[in-house]
Each structure stands twice: as structure tokens, then as C-alpha cells.
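Worksheet: one structure, shown below.
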Amino acid sequence: MTLIQLEYVIAVHNHKSFSKASEACFVTQPTLSMQIQKLEDELGVILFDRKKKPIGTTEIGEMVVEQARDLVSGEKAIKELVSQYKGAIAGELKVGIIPTVAPYLLPLFLPNVIKAYPTLNLQIEEKTTEEIIDNLLADHIDIGILATPLSNPRITEYPLYSEGMYFYVSPKHPLYQKESIDINEIDGKDMWLLHKGHCFRNQVLKLCERFNKDHIQGLAFESGSIETIIKIIDSHNGLTMIPETALFTLAPEQKKHVRPIEKNQPGREISIVVSRTYLKKQLIQELNNMIVEALPATLKHNKVRILDIN
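Residue numbers for the sequence shown follow UniProt numbering, so the first one is 1 and each next one is one higher.
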């Protein structure tokens, strides 16, 4: 039994396909299949039901995969301990970040990280909160950047900052004339939302539900990104909610469309998150420091009422 064989077993279990697993492991399918067959012969059990489409993991296979994850993670842990002992911040770092944070936060700190750690290979991908959690627990990514708290015992959170939520209002909308907006004044028919799956959408709905449940059914317009919604409002009508970091990317004319929310400013907390077994603590601390240092001063000591993301 070898660690390579165990990695192949985990890959087939995750991808439910020998061909996709071989691609993920950067080996040919015959090589991967042969190594798994050798392991099955050595153990005297069948790990995968090859007749199923997609490939299924047998009952004993599920138990072997669970133990294999621990062994492979243990090997990585030893390498990380040695790396940290040497003071090295290098290698590959896979990052998942939610779409309502990525366009506003990444430009602030990425240039400094790339300059400070030229041997660090960053791989960044936008994902929903659910996808990030699943990927962290399956060891597909190293860290996530998303809204918290998650209240997940298998996830460790490192808070970065808190930001308020604001209305972005079309000049054609009646509420444009107000300096601030009360939630109770919102007509759901004019509200533009992100698609389902975005935690920011959940927070907006929770805020609206708390103050005016009757309007939830009227929230009919949806889009995939805040930037798209802003452009639609600029050319059409309606209003939406945007995070505070989005304000820094608005043109001077667009900033005239922003209105604060009356009474006890709501907001969200943004954190770095990792699985509890993740050991690159030095890297997390360095990344945390660089992000916080790059933040606008208004975000470093923000006091907002944090909304639940669920």
C-alpha cells in the first residue's frame, strides 16, 4: 500500500470517474486503474463498483476512503510543518472566494501578495459559500474567503473586516429623493436580487423579511452579479443592496445613487476560513495581515449589525 494509491482512491471517490480522476492526478487512466487494482488485490476487497454509472464506492470502500484521507492529510501535515519550520511561504495555494467579495477585495491585496511571495502559486476561483465549504472539507481548496459566521464545527474562521449594507437607487425611483431609507419603505417589486446560492442574497432577504414579510413575494428580479444589477438600475429603474466595499469601485456619479439604511446599520463579516485540519497557520497569518493592511481605513474599525448568512 502506498500514499499514491490512496490519493488515487480518494480521487476516484471524489470524481466518481476513473478518467476524471486520472486527469486530476495528472496520470494516464491505465496507470491509475492498475494502482487501484493492486491495492484492491492487496486488501482483498473491492473498493469501487465499476458497473455503476457514475462509478460507485462500495461500503468497505467508503471506510477505506475515510482512513485514506487521514493518512494523506498526515503526509501533507508533515511537509507543512517542515516548510513552516524553514520559514518558507511557497508552493501552491488554492483559494475559493465568493463573487460578492472577489471584485472588490482581490484588487486591494493581490499585487502585494504576488510581490512579497513570488514563489507562491496562487489559484483563485469564485465559488458560492456552499461550494467553498464542500471544497475545503474535501481538500480541493486550501482556504476560502466568505461571509461569516458559518457555525460549522469543522471550519476555522479568521475574521478580516465587517462592512455595512447600502441601497443603490435609480434616480427614477421615488426613494432616490431620501437621504436614508427605512426597510419598511421598500416595495419588493422594484428590488433587484442576486441569484439563489449567493449568501449576500440570503442576508438581504433576511433583512427584508424581518421588517416587512409581505413584500418578499414581490422580489422578482434576479441577476448573477452586483455589477450587472447596478448597470441595469443605471439604465432602467429600481433599487438593490450592495456591500460597502462595492462603494469604492463606483464612479463619482454612481455614488450619488447610494443611500444608507436607517436605524442600526446592518452588515456582514468577511473572514478567511480553513478546515480545522489545515496547518499552514503562518501563511494564513501573513495573508490575513496583508489583507487587513490593504483595507480602506473605514473598514478596519467598522461597527455594524452582522446578519446571519443562512
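Ideal placement from N, C-alpha and C gives every residue a C-beta, glycine not left out.
One alpha carbon belongs to His15, the other to Cys25, and they sit about 11 Å apart. For Phe109, the enclosing alpha helix (DSSP H) has its first and last residue at Ala102 to Ala116. Shortest Cα-Cα distance from Gln265 to any of Phe200, Lys255, Glu163 and Gln123 involves Glu163. In the DSSP assignment, the residues bridged to Gly91 are Leu120.
Around the C-beta of Met191, 16 or more other C-beta atoms lie within 10 Å, and the residue is accordingly described as buried.
Taking a cut-off of 8 Å for Cβ pairs, the stretch 135–153 and the stretch 94–102 touch, as three or more such pairs fall below it. Between the stretch 248–255 and the stretch 145–161, the count of C-beta pairs closer than 8 Å stays below three; the two stretches do not touch. Burial check for Gln5: the Cβ neighbour count within 10 Å reaches 16 or more, so the residue is buried. Assignment of Asp41 by DSSP, reduced to helix, strand and coil, places it in the helix class. If you check the CB distance, Val273 and Thr148 come in under 8 Å. Remark: C-beta atoms of Leu120 and Asn288 do not approach each other more closely than 8 Å. For Phe18, the uninterrupted alpha helix (DSSP H) segment begins and ends at Phe18 to Cys25.
Per DSSP, the continuous beta strand (DSSP E) segment holding Glu269 begins and ends at Pro266 to Ser275. Counting C-beta atoms within 10 angstroms of its own C-beta, His301 has fewer than 16 neighbours from the protein chains shown and is therefore classed as exposed.
Boundaries around Met165 are those of the beta strand (DSSP E), Ile155 to Val169, since no alpha helix (DSSP H) includes it.
Membership of Ala147 in the beta strand (DSSP E) is indicated by the continuous run Ile143 to Thr148.
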